[in-house]
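Residue numbers (full-length UniProt numbering): 1 to 486.
We treat Cβ as the ideally placed atom computed from N, Cα and C, and that holds for glycine.
Notes follow once the structure below has been shown.
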Ligand code: UDX
């Protein structure tokens with residue numbers, strides 16, 4: 001009888017913060033379950049991770065179980081990588097030809113290590129599924145977004161066929177798109193659709209890329225989603241079993257990881273969980289925690305637009321006025337690396353004065369710790385999926401200003417389905433910002449929103465406790481990886 005290999009998983013995230021972040025958490029979860037992991041980054045992000053994150057000592061607890069590898073992203077290290085992509089976006093459509101040869105070599109050169117038995121790749125890097133299959137290696141796709149967004153992508157061909165996309169000229173953006181099978185009864189309007197649905201031509205390369213990657217991901221033998229079964233049931237039932245037989249919902253991953261870390265150390269606080277949660281590609285500025293310590297309970301608005309969004313100068317100024325005029329103290333992440341072009345030129349003195357009086361601005365914050373801080377009472381966010389889940393678990397209501405891709409859908413879910421925040425959508429004039437901040441921080445709506453925050457947060461927290469859906473699904477994943485069958 002052929003001897004079964006010990007499980008060895010290769011994890012391969014898309015080269016952006018919000019993806020690396022989640023997949024590193026999965027890597028640690030697997031190491032906690034004694035599964036060997038090779039974590040594959042692009043050279044550029046590998047260097048940044050080593051520079052800004054104490055990743056080697058974090059994984060030193062798992063001798064022989066964790067190793068980092070890197071391959072080229074097709075550009076020299078000093079090549080400009082715009083915004084938070086930490087990747088040259090022009091190479092997005094050529095990832096296959098750029099990265100497949102190195103991935104193939106890596107899977108071939110299994111020297112010094114046991115053979116890879118499963119590849120868990122980002123669901124938008126499906127060339128890795130094809131490469132793994134050449135070697136007869138099992139594959140799992142990991143989508144880092146919400147299920148609602150993933151499901152919308154599966155609906156796209158039908159929306160195109162039925163003439164809903166491209167949107168008609170002068171279309172009413174507040175109208176629901178309900179006539180397509182599978183979309184009935186839902187509440188998404190045109191303005192809630194993923195940003196790249198609003199194209200002039202259906203041949204648009206971004207649209208084609210996301211649709212192709214979505215359908216290709218079904219070639220994997222299973223799917224991992226960072227979500228909670230009971231919170232996204234209607235969308236999961238569209239995906240399972242039509243597109244995937246086997247779906248492991250493991251969210252909120254950060255919370256599952258924290259629980260399992262505590263469980264595996266028997267509650268002994270041997271690990272510095274705070275710094276272990278830093279997966280960043282930017283240098284973390286922890287001084288904001290000291291600033292938060294000096295602020296009253298639930299008084300601070302935390303402001304962050306994630307790792308990719310770029311604000312125009314006028315958006316920056318409008319947000320700034322809205323925050324200052326709201327009268328609430330604010331902690332604002334203004335990402336370093338030129339996120340806001342000309343950010344401090346000609347900023348009115350009254351805004352600078354507003355920061356001196358009641359504000360704190362940092363380049364990159366320890367977000368999970370910030371959200372869990374007693375002084376934080378609200379989160380002005382771009383509605384990235386990680387930020388949404390982190391805020392939900394921390395019990396912090398959101399003021400959503402979705403920027404791109406999946407975020408338009410996430411903010412609708414937060415505002416209308418879960419009712420744990422308000423959805424500003426594309427509006428960010430100073431008076432709207434001021435009003436929304438006041439409504440969420442202390443207005444008439446806060447009480448009602450906080451009730452939903454507690455209720456929905458509870459569902460998420462239950463899922464990652466023993467016997468909860470994400471907890472059980474993770475156990476099943478580990479068993480399946482160990483027995484070599486997903
Ligand atoms: C985007 C998408 O919107 C998201 O849904 C997708 O899954 C990944 O790509 P991004 O702009 O990076 O994500 O936002 P988000 O998903 O919220 O992730 C940002 C991460 O960076 C969060 O985990 C957050 O905790 C972390 N972060 C952000 C910090 O640690 N410090 C900061 O100062 C800002």
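Indicate whether residue 229 and residue 391 have their beta-carbon atoms separated by less than 8 angstroms.
Within the chain shown, the letter at position 229 stands for residue 229. Within the chain shown, the letter at position 391 stands for residue 391. Taking a C-beta distance under 8 angstroms as the contact criterion, residue 229 and residue 391 do not qualify as a contact pair.
Got a sec: does the ligand UDX put a non-hydrogen atom nearer than 7 angstroms to the Cβ of residue 206?
Along the chain shown, one-based indexing puts residue 206 at 206. Within the chosen limit of 7 angstroms, the ligand UDX does not reach the beta carbon of residue 206 with any heavy atom.
When you compare the CB positions of residue 117 and residue 7, do they come within less than 8 angstroms of one another, or not?
Here residue 117 refers to the residue found at position 117 when the chain shown is read from its first residue. Here residue 7 refers to the residue found at position 7 when the chain shown is read from its first residue. Yes; because the gap between Cβ atoms is below 8 angstroms, this pair is in contact.
So the beta strand (DSSP E) residue 302 belongs to, where does it begin and stop?
Locating residue 302 in the chain shown gives position 302, where the first residue counts as 1. Membership of residue 302 in the beta strand (DSSP E) is indicated by the continuous run 300-304.
In chain order, each beta strand (DSSP E) run of at least 3 residues that lies wholly inside the stretch 136-223:
At a cut-off of 3 residues, the continuous stretches assigned as beta strand (DSSP E) that sit fully inside the stretch 136-223 are 138-143.
Going by CA-CA distance only, name the one from 362, 104, 475, 174 that's closest to residue 249.
Residue numbering aside, residue 249 sits at position 249 when the chain shown is read from its first letter. For the residues 362, 104, 475, 174, the minimum Cα distance to residue 249 belongs to 475.
Between residue 411 and the ligand UDX, is the CB less than 7 angstroms from at least one heavy atom?
Against the chain shown, residue 411 aligns to sequence position 411. Answer for residue 411: no, Cβ out of range of the ligand UDX.
In terms of residue numbering, what span does the beta strand (DSSP E) encompassing residue 487 cover?
In the structure as shown, the chain begins at 1 and stops at 486. Residue 487 is therefore absent and cannot be evaluated.
To which residues does DSSP link residue 248 through a beta bridge?
The residue you call residue 248 lines up with position 248 of the chain shown. In DSSP, residue 248 forms a bridge with 224.
Any contact between the stretch 369-383 and the stretch 433-442? By contact I mean 3 or more CB pairs, one from each, below 8 angstroms.
The stretch 433-442 and the stretch 369-383 touch, with three or more beta-carbon pairs separated by less than 8 angstroms.
Please list, in chain order, all residues of the same chain as residue 153 whose beta carbon is under 7 angstroms from its beta carbon, the five residues on each side excluded.
Mapped onto the chain shown, residue 153 falls at position 153. If we look at residue 153 and ignore the five residues flanking it on each side, its Cβ neighbours are 210, 211, 214.
By DSSP's criteria, residue 69 is part of a beta bridge. Which residues make up the other side?
Position 69 of the chain shown, counted from the first residue, corresponds to residue 69. Partner residues in the beta bridge of residue 69, as assigned by DSSP, are 40.
How about residue 385: is its Cβ closer than 7 angstroms to a heavy atom in the ligand UDX?
Counted from its first residue, the chain shown places residue 385 at position 385. Indeed, a heavy atom of the ligand UDX lies less than 7 angstroms from the Cβ.
Does DSSP classify residue 398 as helix, strand or coil?
On the chain shown, residue 398 is found 398 positions in, with the first residue counted as 1. Correct three-state label for residue 398: strand.
Just verifying my parser: in three-state terms, what is the DSSP assignment at residue 8?
Working through the chain shown from its first residue, we reach residue 8 at position 8. It is a strand residue.
Would you say the stretch 306-316 touches the stretch 409-419, given that touching needs at least three Cβ pairs under 8 angstroms?
Under the 8 angstroms Cβ criterion, the stretch 306-316 does not count as touching the stretch 409-419, having fewer than three qualifying pairs.
Can you find the residues in the same chain that come closer than 8 angstroms, C-beta to C-beta, to residue 94, ignoring five residues on each side of it along the sequence?
As a first step, residue 94 is located in the chain shown; it is residue number 94 there, counting from the start. Contacts found: 74.
Look at the Cβ atom of residue 139, then the Cβ atom of residue 119, and state whether they are nearer than 8 angstroms.
Here residue 139 corresponds to residue number 139 of the chain shown, with the count starting at 1. Here residue 119 corresponds to residue number 119 of the chain shown, with the count starting at 1. Yes.
Any 3 or more C-beta pairs closer than 8 angstroms across the stretch 392-406 and the stretch 447-463:
When Cβ pairs closer than 8 angstroms are counted between the two stretches, the stretch 392-406 is seen to touch the stretch 447-463, the count reaching three or more.
CA-to-CA distance, residue 446 to residue 419, given in whole angstroms:
Stepping through the chain shown from its first residue, residue 419 is reached at position 419. Stepping through the chain shown from its first residue, residue 446 is reached at position 446. So the alpha carbons of these two residues sit roughly 11 angstroms apart.
Grouping DSSP H, G and I as helix and E and B as strand, with all else coil, what is residue 339?
What you label residue 339 is simply residue 339 of the chain shown in a count that begins at 1. Because the pLDDT of residue 339 is 47, which lies under 50, any placement of that residue in the model is unreliable, and the number read from its coordinates should be weighed accordingly. The answer is coil: DSSP assigns residue 339 none of H, G, I, E or B.
Of the residues 39, 195, 52, 33, the one placed nearest residue 19, counting alpha carbons only
Indexing the chain shown from 1 puts residue 19 at position 19. Among 39, 195, 52, 33, the Cα nearest to that of residue 19 belongs to 39.
Pull up the DSSP beta-bridge partners for residue 120, would you.
Sequence index remark: in the chain shown, residue 120 carries index 120 (1-based). For residue 120, which the question treats as bridged, DSSP gives the partners 11, 140.
Pull the bridge partners of residue 262 from the DSSP assignment, please.
Within the chain shown, the letter at position 262 stands for residue 262. According to DSSP, which records beta bridges pairwise, residue 262 is partnered with nothing at all.
In three-state terms, what does DSSP make of residue 361?
Residue mapping note: residue 361 aligns to position 361 of the chain shown, counting from 1. It is a strand residue.
Span separating the alpha-carbon of residue 350 from that of residue 320:
To locate residue 350, count along the chain shown from 1; it is residue 350. To locate residue 320, count along the chain shown from 1; it is residue 320. CA-to-CA, the gap between residue 350 and residue 320 works out to about 10 angstroms.
Output the distance between the C-alpha atoms of residue 236 and residue 151, rounded to the nearest integer angstrom.
The residue given as residue 236 occupies position 236 in the chain shown. The residue given as residue 151 occupies position 151 in the chain shown. Going by the C-alpha atoms only, they are around 8 angstroms apart.
Could you tell me the boundaries of the alpha helix (DSSP H) in which residue 103 lies?
Your numbering for residue 103 matches position 103 in the chain shown. For residue 103, the enclosing alpha helix (DSSP H) covers residues 95-108.
Whose CA, out of 471, 425, 126, 481, lies closest to the CA of residue 254?
Position 254 of the chain shown, counted from the start, is the residue given in the question as residue 254. Cα-wise, what sits closest to residue 254 is 471.
Determine the closest residue to residue 61 out of 239, 265, 234, with distance taken between C-alpha atoms.
As a working mapping, residue 61 is identified with position 61 in the chain shown. When only C-alpha atoms are compared, the closest one is 265.
Would you kindly work out how many angstroms separate the C-alpha atoms of residue 91 and residue 58, rounded to a whole number?
Start at 1 with the first residue of the chain shown, and residue 91 comes out as number 91. Start at 1 with the first residue of the chain shown, and residue 58 comes out as number 58. Roughly 32 angstroms between the two C-alpha positions.
CB-CB under 7 angstroms to residue 285, same chain, minus the five flanking residues each way: which ones, in chain order?
The residue given as residue 285 occupies position 285 in the chain shown. For residue 285, where only same-chain residues beyond five positions count, the Cβ hits under 7 angstroms are 362, 363, 364, 365.
Can at least three beta-carbon pairs, one atom from the stretch 158-168 and one from the stretch 214-224, be found at a separation below 8 angstroms?
At 8 angstroms Cβ cutoff, the stretches do not touch.
Quick check on DSSP: helix, strand or coil for residue 59?
Here residue 59 corresponds to residue number 59 of the chain shown, with the count starting at 1. Residue 59 falls in the helix class under three-state DSSP.
For residue 128 versus residue 12, is the C-beta distance shorter than 8 angstroms?
Within the chain shown, the letter at position 128 stands for residue 128. Within the chain shown, the letter at position 12 stands for residue 12. Closer than 8 angstroms, so yes.
Strictly by DSSP, which residues pair up with residue 457?
Reading the chain shown from its first residue, position 457 is the one you call residue 457. Residue pairing for residue 457: DSSP places it in no beta bridge.
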